[in-house]
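> Respectively, the protein sequence lines represent chains L, V, X and P. Residues 1 to 328, numbered by my numbering, are exactly what the first sequence covers, in order. Residues 1001 to 1328, numbered by my numbering, are exactly what the second sequence covers, in order. Residues 2001 to 2328, numbered by my numbering, are exactly what the third sequence covers, in order. Residues 3001 to 3328, numbered by my numbering, are exactly what the fourth sequence covers, in order. All residues carry an ideal CB built from backbone N, CA and C; glycine is no exception. Take a look at the following structure, please.
Number of protein chains: 4
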Amino acid sequence: MNHKYATILGNLGNTSDRFLSVGYRDLTSKEELIRQAASIPEVSGIELVGTWDIEARNVTQIAALLKEHRLRCAAIIPDHFSQKIWSKGAFTSRVPHVRQQAVAYTKEMLDIAAELDCSLINLWPGQDGYDYPFQGDFQRAYDWLVAAIRECADYRKDTKISLEYKLKEPRTHSYLARAADTLVLVQEINRENVGVTIDFGHALMAQENVAESAVMLARTGKLFHLHFNDNYRYWDDDMVVGSIHTIEYLELLFWLRQMNYQGWFSMDLYPYREDAREAVSESIEWLKTLEALIDQAGMAKIEALIQEGNAIKTIREMRKLMLGKSNG
Amino acid sequence: MNHKYATILGNLGNTSDRFLSVGYRDLTSKEELIRQAASIPEVSGIELVGTWDIEARNVTQIAALLKEHRLRCAAIIPDHFSQKIWSKGAFTSRVPHVRQQAVAYTKEMLDIAAELDCSLINLWPGQDGYDYPFQGDFQRAYDWLVAAIRECADYRKDTKISLEYKLKEPRTHSYLARAADTLVLVQEINRENVGVTIDFGHALMAQENVAESAVMLARTGKLFHLHFNDNYRYWDDDMVVGSIHTIEYLELLFWLRQMNYQGWFSMDLYPYREDAREAVSESIEWLKTLEALIDQAGMAKIEALIQEGNAIKTIREMRKLMLGKSNG
Amino acid sequence: MNHKYATILGNLGNTSDRFLSVGYRDLTSKEELIRQAASIPEVSGIELVGTWDIEARNVTQIAALLKEHRLRCAAIIPDHFSQKIWSKGAFTSRVPHVRQQAVAYTKEMLDIAAELDCSLINLWPGQDGYDYPFQGDFQRAYDWLVAAIRECADYRKDTKISLEYKLKEPRTHSYLARAADTLVLVQEINRENVGVTIDFGHALMAQENVAESAVMLARTGKLFHLHFNDNYRYWDDDMVVGSIHTIEYLELLFWLRQMNYQGWFSMDLYPYREDAREAVSESIEWLKTLEALIDQAGMAKIEALIQEGNAIKTIREMRKLMLGKSNG
Amino acid sequence: MNHKYATILGNLGNTSDRFLSVGYRDLTSKEELIRQAASIPEVSGIELVGTWDIEARNVTQIAALLKEHRLRCAAIIPDHFSQKIWSKGAFTSRVPHVRQQAVAYTKEMLDIAAELDCSLINLWPGQDGYDYPFQGDFQRAYDWLVAAIRECADYRKDTKISLEYKLKEPRTHSYLARAADTLVLVQEINRENVGVTIDFGHALMAQENVAESAVMLARTGKLFHLHFNDNYRYWDDDMVVGSIHTIEYLELLFWLRQMNYQGWFSMDLYPYREDAREAVSESIEWLKTLEALIDQAGMAKIEALIQEGNAIKTIREMRKLMLGKSNG
């Protein structure tokens, strides 16, 4: 399989949390980050985050750097989360001009994407949600989301808008919380160029079986993009791919082939205390190792196991396939 | 507000778990259970579970008992979970004749519902799911579910089929797992008489804000039925309503009024170690107490709080409304 | 490594849950269960559950069967959970004579253990806990537990009493909930023959890192016994060992060697829908496969990785060790 | 009851998260923060965080401000989390001089506490933990923690050192993770002036019943300090007290009286998007409202309910006590 691997550029930069807000690392120049990304085996694309990485004033410079390093822009993630103006919501802010600004800014990022020859923006409206009981104004919020995203989708029909869901954080409840919630909204939006991004860790956090979410979305043609990382199921720890969940990743990779997913495999990590380049590189190594296992088994054999549904037989085969050391 | 309160009849009977499988209580006759249900203030309907409470051979007897006690049959829950034949799935069994039998049996229950003047069957296909990685055959399973439920829906268009979702148990993963997953399926089924049941505890277990799930479903006209109970968010503990989640129930009750929900409020408890009649009765008392608080505040005032979205102001008002003792 | 593998006999018998209370399988005779256990490669011991497997009237018969099949009794689990008398607590029942009976019955089981040449009883007081707020009478409950277990420990100092903790189920809260809670109680009990059992799935359910819990207990000499299975971290699914958590099991097995654990490795599964003998057998295959990986790496190398603490390096080594297919 | 209420000073200042790292609010001067704290009804103490609020160079200034506003220093929280030097651990850093510096700095803070007439430092070693499998070096880490805290405790026996546990964040696993884990360590440390802080939200996140944890600690004389806030059980959301968990707070307040807790009730919030002074003020209002309910019921009546253990009766009484509107 020849998958396209990418990384979010910010993975390689500084990372902070609410306790160590200056960040766990030193700042690195954009040039150096791009150079590092390009040096990671298999990486052929990067994702750029609005404000942090990309804005109107540096498009030409970034385009030149991408060209120099033979990298494609896999996606742009407009910044609807890191500015105070969005702190109580972007598309669902109770302040009309904030909602308008969210749309206007998204359109601007759609244009920038086109300039960078990038066919997809990944929309993560992280501040659109609520924190307390009786705070969510659900009906209005859904109406606002539908109208805003429709307007953006109609603005540039040549560019995909992929909605990234996340159960929570930074709000205690996001409006785009789960795969199916987001699909329901996407179906109401009803535009060909609007679909869904699965972030492996976000799906785990919502207690989803990621493979099943992928099938549910792909079944309706709405699986547009993928973010990869790992966590302990309770929170978006953004760890190295495969470091915790092995067989679940294997199941996902099998079904992505089965559903003929053609998009990017993009790394979305927060390597607070680790060498960032190594963290991304090792994540891709895990994916490639798991892909090799699928090659080794063959799609037909795995499909036959699934169709038979004998749990013990499947576990035994998977043990042999993965750990390959037993004579049992 | 004049809500219609019901209880699942089995709430009042014996309850078992995997450790104490003979049950925590003594067996009680069907007559006595119905008599007890009728004696609970506000209860005007009961839900009957297939096999346990209702089957072809006792319809006349049950109809007579309901009439005698002036109870309506709020819903029938076909038994797709307590027989060995369904142990590896009913509508999604890998065995064709089991799938056919699941449909045939559901049709039979639809006819029985009609005989009992009951306009809704509550479908909880608890064994339809999977346990292990690489065991779920997602595409086929969804296809089977859609086809089977469509066939049932077309069999009697005068009767509603309400799909009850649950994240897990008895399988580690159910196919009808969350509100939105089930709505996606309902939209694919695309029949007017097919909708969704929210069980308060199932929604909590899936980390849903129940009020938001209710709005999402009601917004598309698909909120058909409600099961009430409480738990600690991690498992379907089936406890007394309100015993754990107070403000969440208040928020749900507000939004049910706001969305003009007209269906039943049906208690679904497992009072293993408690007096069952008291557990149901106390559950309804909680609901009525919370409804009275909404009356007291007035819908307009609560709506204004939500529209304003000031979390602290809302919490203060809710504290005063609920606990009513402060001068703060 | 030559570990001693055992299985709880009931794993091989019928399993029920609250929905399918007659059980997912047919009943099998005790003789046949023991024969099946003996036929599983590596199994040299079985655990017997009170009431279900062992009671005063069948000790001689069971002893003969064990001898015939060359099996040792790895542990006895007194039945403090499957009888109505314990439904609101055994050692912490509010009824004095129930508490006394819990102790008397435990002493009886200690004697039976001695008759079977079994040096450890595994105490799982599953009904000792509470369900609702303001229901737990913590101080009295702790006092009762301490006094009761002390009395049992003093009754036969030649037999170990190992307390098995579990966060919840069948109660929503157990008094012996976590590794450390139980260790605190064990230290208050202050008897040499009282220690703790880790059940892998119970530890996961409490969000423990099982390896860390094992070290914490072994550090004080109180890790007496182990139950193995797997789950999805939220509930005691009692699945096949290794089917979900691979690297976590590897970490545990490493630390058990490191801490020189000498007790049994005992399988505790609930293979509701699977071939039970196969489920146990495959569980042991996983363990042996993982043990072989530790042999292959060598204890010193793993210890060096831990001491260095470089997460990426460790993940890379573990990937190569486990999946062994990468050139990265 | 005359409880002593305090607030962590930083509650009133700026708050950031990993997405909005410049913070959700504007910076406020230390003077203004202290003035605001003093203006909150019932607040008679504040907690100061090292680096952020208090260090050697501003002790005199802070002392003067406290005096001016008639505030006591309820506790000092040494900063073992917001500096890069601690990013891979303070007391359990693999680098010896970092461990030494953690101890030296703690001693410095003990001296500062004395200067401010403050009898307790609250130790939250948030970076002491691990993220990945095979990363935690448990035995060494425990040894280092025990030795370091002992050294600090011996340095000033007149000052209490209260260890605040937290399941996770910023690490995926903390060494001081739960109430009992921490108590086990405190018992190994074995110094009179070393005890435990319960943070309500941290306890919830560990799936503890906070009231039970309080009893477990108080029973051994080791409940030294309390931090109050609220969350949704899965993460440390640091919300307004009582906004989510009502009856659980009531149960805790009852048991604190029962166990004769004499320490501070200190607010520990992160009001990202709310008016911070109002968030603290409303938190205290909730506590006082709940305390008034206990007064109204009377300790003896609640104790009798607990001793009886009739769940339904207790729920009914609690409903009447809290919501007080029913005639049921």
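Residue 322 of chain L touches chain V at which residues, Cβ-Cβ below 9 Å?
By Cβ distance, chain V contributes nothing, its closest Cβ being about 11 Å from residue 322 of chain L, past 9 Å.
> Counting contacts by CB-CB distance shorter than 9 Å, is residue 2239 of chain X in contact with chain V?
Interface residue, yes.
> How would you list, in chain order, the residues of chain L whose beta-carbon sits under 8 Å from the beta-carbon of residue 3126 of chain P?
By Cβ distance, chain L contributes 19.
> Taking the alpha carbon of residue 3254 of chain P as the point to measure from, which residue in P/3105, P/3160, P/3290, P/3239 has its own alpha carbon closest?
Nearest option by C-alpha distance: P/3290.
> Judging by CA-CA distance, which residue of P/3175, P/3223, P/3051, P/3321 is the nearest neighbour of residue 3193 of chain P?
The shortest C-alpha separation from residue 3193 of chain P is found at P/3223.
> Residues of chain X with a CB under 9 Å from the CB of residue 3146 of chain P: which are they?
None at all; the shortest Cβ gap to chain X is about 11 Å.
> Taking only the alpha-carbon atoms, compute the straight-line gap between residue 14 of chain L and residue 27 of chain L and give it to the nearest angstrom.
Answer to the nearest angstrom: the Cα atoms are 6 Å apart.
> Please list, in chain order, all residues of the same chain as residue 3030 of chain P whose beta carbon is under 6 Å from its beta carbon, the five residues on each side excluded.
Excluding positions up to five away in sequence, the list is empty.
> Pull up the distance between the alpha-carbon of residue 232 of chain L and that of residue 3115 of chain P, whole angstroms please.
Each residue's Cα considered, the two are about 43 Å apart.
> Is there a Cβ of chain L sitting closer than 9 Å to that of residue 1262 of chain V, yes or no?
It does not: the Cβ of residue 1262 of chain V has no partner Cβ on chain L nearer than 9 Å.
> Among the candidates L/107, L/55, L/102, L/134, whose CA atom is the shortest distance from the CA of residue 125 of chain L?
The option with the nearest alpha carbon to residue 125 of chain L is L/102.
> Using DSSP with H/G/I as helix, E/B as strand and the rest coil, what is residue 3264 of chain P?
Strand, per DSSP.
> Measuring alpha carbon to alpha carbon, tell me which residue in X/2117, X/2127, X/2092, X/2071 is nearest residue 2083 of chain X.
For residue 2083 of chain X, the nearest C-alpha among the options comes from X/2127.
> Identify, in the order they occur along the chain, each residue of the same chain with its Cβ nearer than 7 Å to the Cβ of residue 3210 of chain P, setting aside the five sequence neighbours on each side.
Here the set comprises 3198, 3200, 3203, 3204, 3248, 3252.
> For residue 2274 of chain X, go through chain L and note every residue whose CB falls closer than 7 Å to its CB, in chain order.
Simply 311, 312.
> Quick one, are the C-beta atoms of residue 228 of chain L and residue 1216 of chain V less than 9 Å apart?
For residue 228 of chain L and residue 1216 of chain V, no; Cβs fall outside 9 Å.
> For the candidate residues V/1073, V/1214, V/1135, V/1154, whose alpha-carbon lies nearest to that of residue 1175 of chain V?
Taking only the C-alpha atoms, the option nearest residue 1175 of chain V is V/1135.
> For residue 3328 of chain P, which residues from the same chain have a beta carbon less than 6 Å from its beta carbon, with the 5 sequence-adjacent residues on both sides left out?
Its pLDDT being 38, under 50, residue 3328 of chain P is placed unreliably in this model, and the coordinates cannot settle the point.
> Beta-carbon within less than 6 Å of residue 2141 of chain X's beta-carbon, same chain only, minus the 5 sequence neighbours each way: which residues are those?
Here the set comprises 2092, 2175.
> Count the other CB atoms, across all protein chains shown, that sit within 10 Å of the CB of residue 2158 of chain X; report buried if there are 16 or more and exposed otherwise.
By the neighbour-count rule (16 or more Cβ atoms within 10 Å), residue 2158 of chain X is not buried but exposed.
> Please tell me whether residue 220 of chain L has its Cβ less than 9 Å away from any Cβ of chain V.
Interface residue, yes.
> Could you name the residues that DSSP lists as bridge partners for residue 2228 of chain X?
In the DSSP output, where bridge partners are listed per residue, residue 2228 of chain X has X/2267.
> Does the region 274-291 of chain L touch the region 2304-2322 of chain X, meaning 3 or more C-beta pairs lie closer than 8 Å?
Contact holds: three or more Cβ-Cβ distances are below 8 Å.
> Determine the closest residue to residue 2183 of chain X out of X/2113, X/2221, X/2066, X/2009, with distance taken between C-alpha atoms.
Per the Cα distances, X/2221.
> Which ranges would you report for the alpha helix (DSSP H) in the region 3175-3200 of chain P if only whole runs of at least 4 residues count?
The region 3175-3200 of chain P contains these whole alpha helix (DSSP H) runs: 3179-3189.
> For residue 2136 of chain X, go through chain P and note every residue whose CB falls closer than 8 Å to its CB, in chain order.
Neighbours of residue 2136 of chain X on chain P, chain order: 3209, 3211, 3212, 3306.
> Helix, strand or coil: how does DSSP classify residue 2060 of chain X here?
Helix, per DSSP.
> Where does residue 103 of chain L sit, in a helix, a strand or coil, going by DSSP?
If DSSP states are grouped into helix, strand and coil, residue 103 of chain L belongs with the helices.
> Looking only at C-alpha atoms, which of P/3005, P/3172, P/3131, P/3080 sits nearest to residue 3047 of chain P?
When each option's Cα is compared against that of residue 3047 of chain P, the closest is P/3005.
> So which residues of chain V does residue 2078 of chain X contact, with C-beta pairs closer than 8 Å?
Here the premise fails: no neighbours, minimum Cβ distance about 13 Å.
> Output yes or no for whether 9 Å exceeds the beta carbon distance between residue 1219 of chain V and residue 1191 of chain V.
No. Outside cutoff.
> Under the DSSP definition of a beta bridge, which residues are partnered with residue 2007 of chain X?
The partner list for residue 2007 of chain X (beta bridge, DSSP) reads X/2046, X/2267.
> Please decide whether residue 1282 of chain V counts as near chain P, where near means a Cβ-Cβ distance under 9 Å.
Yes, residue 1282 of chain V lies at the interface with chain P (some Cβ there is under 9 Å from its Cβ).
> Which bits of chain L does residue 1173 of chain V rub up against, with CB to CB less than 7 Å?
209, listed in chain order.
> Anyone know if the C-beta pair for residue 329 of chain L and residue 3016 of chain P falls short of 9 Å?
Outside the shown range of chain L, which is 1 to 328, sits residue 329 of chain L, and nothing can be said about it.
> Rounded to the nearest angstrom, how far is the Cβ of residue 2008 of chain X from that of residue 2049 of chain X, given a contact under 8 Å?
Right, the Cβ-Cβ distance comes to about 7 Å (below 8 Å), so this counts as a contact.
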